[in-house]
Each structure stands twice: as C-alpha cells, then as structure tokens.
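K.L.:
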Amino acid sequence: MRILLVDDEELQLLRLTEAVKKVLPEDSVLLPYTNPVLAWEENKNSPVDVAFLDIEMPVCNGIMLAKKLQSVHPKVNIVFVTAYNDYAVDAYKMHASGYVTKPVDANRIKQELNGLRFPTELPPKSKLQIKCFGNFEVFAKGVPIKFSRSKSKELFAYLVDREGAAVNVNELNAVLWEEDKKSYFRNLIADIQNTLKAVGAEEVFIKRRNECFIDPAKVDCDAYEYKKNNPAAIRLYRGEYMAQYDWALFNADPTSLS
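When the letters of the sequence shown are read in order and numbered with this note's numbering, they come out as residues 1 to 258.
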C-alpha cells in the first residue's frame with residue numbers, strides 16, 4: 001500500500017507520519033511531503049492507494065490536490081486532515097474516504113485505514129527484500145538473513161548487481177578472488193542455496209552447470225526500483241552502492257547496472 005502524506009507544516013506532517021507508522025499495514029510505503037506541488041509531480045504517474053491531505057495549504061490546497069490525484073488515480077482513498085470542521089461538506093462532495101481533525105492519533109488513523117472507500121488488496125510480499133544503497137543487506141520478511149560465509153553474501157551481491165544476467169565460474173573467480181578457487185566456489189554456492197532455502201526463497205537463486213544467476217522478479221530491490229524512476233527509491237540513494245565491496249565502486253551510480 002502506497003500512502004501519501006501531505007501537510008505544509010513540518011511538525012504537523014511529522015505527527016501525522018508517526019501516527020500512521022504505528023498502524024502501518026505490512027508492505028506499505030510512506031510518501032511524506034510538505035510541498036503539495038512536489039507531491040503531485042512525483043506521484044501523478046505512480047500508484048497511490050491512500051492520500052492523507054491537509055486542506056489549508058498555500059499554492060495548492062488539499063481540495064485541489066485531491067482533485068488532481070483523483071483525475072489520474074480514480075480509486076485513490078482521500079482522507080482530509082484539518083484543524084477545522086468547516087470543510088466536512090467539501091470533503092463529502094469530493095467523495096472522500098475520510099475526514100480527520102487535528103491533532104491526529106493512531107487510533108483515528110487506524111479507523112480510516114480499516115474503513116477505506118476503496119479497500120486495497122496488498123500484493124503478495126516478495127520473499128526477499130534487497131538493500132543495495134549503503135551497505136548491501138538481504139532481508140526475509142523484514143529480518144536480515146545471515147549467510148554462513150561472508151564471501152557467500154558477496155557472491156550473492158554480485159549476482160544482484162548483474163540483475164539476472166548469468167555469470168560463469170571464471171568471471172566470479174576473477175572478480176571476487178582473482179585466482180582459481182572452484183572448489184571454494186562450490187562451497188559458497190551450497191551456502192547460498194541452504195541460506196535461501198531456510199527462509200523459503202530458494203527459487204530466487206538459479207544454478208546451471210558452470211553459471212548462476214538470480215530471478216529479479218522474485219525480489220524487491222532499491223537499486224532496481226531506482227532504475228524504474230520510483231521516487232521513493234530515488235530519495236533513498238545517497239551516493240553509496242554496496243559500500244562494503246570494492247568491485248561495486250564501478251556501479252556507484254545504480255543506473256549503470258547491467
């Protein structure tokens with residue numbers, strides 16, 4: 001579920017964000033903005049399931065923003081957030097999903113999420129979530145997975161970097177060890193297979209004869225989303241990509257991925 005939060009006052013936006021976080025549905029993405037124009041520009045071409053909008057904002061108020069969002073996302077759930085009760089009629093005319101008065105609290109937010117005008121169905125959660133920005137990490141259902149060997153994790157990182165392209169044993173040896181260690185390679189492959197199997201994600205990793213690769217469709221990866229121009233992923237990037245691996249310096253810009 002993608003949840004847009006817009007309030008031109010930073011403190012009010014922070015309070016709203018914290019209230020939503022407390023009752024956040026699993027797999028949700030929060031998109032907080034103090035600038036309604038920027039909120040529109042960055043999300044008009046991306047799906048939005050719920051939009052919590054302050055009504056009184058300069059340049060583009062909540063009513064105007066709601067109309068814009070509804071024009072491209074007809075089933076977006078609009079929840080107006082305001083310090084006044086004067087806008088209830090306007091909210092009704094907009095076919096809003098809900099109306100919340102400030103100060104907001106988690107219980108009120110939960111009521112709105114449980115009673116959406118257009119109920120949302122969460123997509124099946126990918127078994128693996130991969131973080132490439134900063135240090136490379138792999139998560140299963142939000143929990144970091146532990147490889148038995150650090151080189152197993154690095155090998156898996158290299159395959160993620162290759163984005164589904166098959167890599168042969170010789171290339172992996174040259175990049176990761178700079179010498180022939182095929183017997184060691186077999187041990188690392190076994191470790192990756194066992195580690196992924198333990199979290200029910202064995203289908204992500206594919207081994208064929210002397211080459212291996214991952215199935216990108218079976219993972220959620222920040223770098224992959226960056227390449228799709230996902231605004232949330234773009235905001236996460238701070239110039240570091242798989243920072244613990246020297247070979248990854250060549251791909252410090254994730255748009256250079258294979």
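We put the CB at the ideal spot given by N, CA and C, even for glycine. Bear in mind that the values here come from a model prediction, so they are computed numbers and not experimental data.
In its own chain, which residues sit with a C-beta less than 6 angstroms from the C-beta of Arg117, not counting the 5 before and 5 after it?
P.N.:
Only Asn77, Ser97 meet the Cβ criterion.
K.L.:
Of the choices Ala39, Tyr241, Lys228, whose alpha-carbon is the least far from that of Lys68?
P.N.:
The residue with the shortest Cα to Cα distance from Lys68 is Ala39.
K.L.:
Out of curiosity, what's the CA-to-CA distance linking Lys131 and Ala201?
P.N.:
For Lys131 and Ala201, the distance between alpha carbons rounds to 16 angstroms.
K.L.:
Which whole runs of the alpha helix (DSSP H) in the stretch 23–57 are 4 residues long or more, in chain order?
P.N.:
The stretch 23–57 contains these whole alpha helix (DSSP H) runs: 36–43.
K.L.:
Once DSSP output is grouped into helix, strand and coil, what is the label at Glu202?
P.N.:
Here Glu202 sits in helix by DSSP.
K.L.:
For Lys227 and Asp54, what's the separation of their Cα atoms in angstroms?
P.N.:
Approximately 31 angstroms between the Cα atoms of the pair.
K.L.:
With which residues is Cys212 paired in a DSSP beta bridge?
P.N.:
Answer by DSSP bridge pairing, in chain order: Val167, Lys207.
K.L.:
From the DSSP output, read off the bridge partner residues of Ala217.
P.N.:
In DSSP, Ala217 forms no bridge with anything.
K.L.:
Suppose you measure from the CA of Ile63 to the CA of Glu42; what does that come to, to the nearest Å?
P.N.:
Rounded to the nearest angstrom, the two C-alpha atoms are 18 angstroms apart.
K.L.:
Roughly how many whole angstroms lie between the Cα atoms of Asn210 and Asn194?
P.N.:
Looking at the two C-alpha atoms, the distance is approximately 19 angstroms.
K.L.:
What does a CB cutoff of less than 6 angstroms around Trp247 pick up in its chain, not counting 5 residues either side in sequence?
P.N.:
Around Trp247: Val175.
K.L.:
Give the range of the beta strand (DSSP E) segment to which Ile3 is assigned.
P.N.:
Unbroken beta strand (DSSP E) run through Ile3: 2–6.
K.L.:
In the DSSP assignment, find the beta strand (DSSP E) that holds Ala140 and state where it starts and stops.
P.N.:
Where Ala140 is concerned, the enclosing beta strand (DSSP E) stretches over 137–140.
K.L.:
Since Val79 contacts Val50 with CB under 8 angstroms, what's their CB separation in whole angstroms?
P.N.:
Yes, they are in contact, since the Cβ atoms of Val79 and Val50 sit about 7 angstroms apart, within 8 angstroms.
K.L.:
Just verifying my parser: in three-state terms, what is the DSSP assignment at Ile283?
P.N.:
Outside the modelled stretch of the chain, which goes from 1 to 258, sits residue 283, for which no answer is possible.
K.L.:
Quick one: what does DSSP say Ile189 is sitting in, helix, strand or coil?
P.N.:
Three-state DSSP puts Ile189 in a helix.
K.L.:
For the beta strand (DSSP E) containing Tyr226, name the first residue and the last one.
P.N.:
Segment 222–227 is the alpha helix (DSSP H) holding Tyr226; no beta strand (DSSP E) there.
K.L.:
I believe Phe213 touches Ala165 by the beta-carbon criterion, under 8 angstroms. Please report the beta-carbon distance rounded to the nearest angstrom.
P.N.:
Right, their Cβ atoms sit about 6 angstroms apart.
K.L.:
Between Lys218 and Leu128, how many whole angstroms is the CB-CB distance? I'm expecting something under 8 angstroms.
P.N.:
Indeed they touch by this definition, with Cβ atoms about 7 angstroms apart.
K.L.:
Using C-beta distances below 6 angstroms, list every residue in its chain close to Ser258, excluding the 5 sequence neighbours before and after it, in chain order.
P.N.:
Because the pLDDT at Ser258 is just 46, under 50, the model does not fix this residue reliably, and the value given afterwards should be weighed accordingly. Around Ser258: Arg162, Glu163, Ala165.
K.L.:
Quick check on Ala233: buried or exposed, where buried means 16 or more other Cβ atoms within 10 Å of its Cβ?
P.N.:
Per the 10 Å Cβ criterion, buried.
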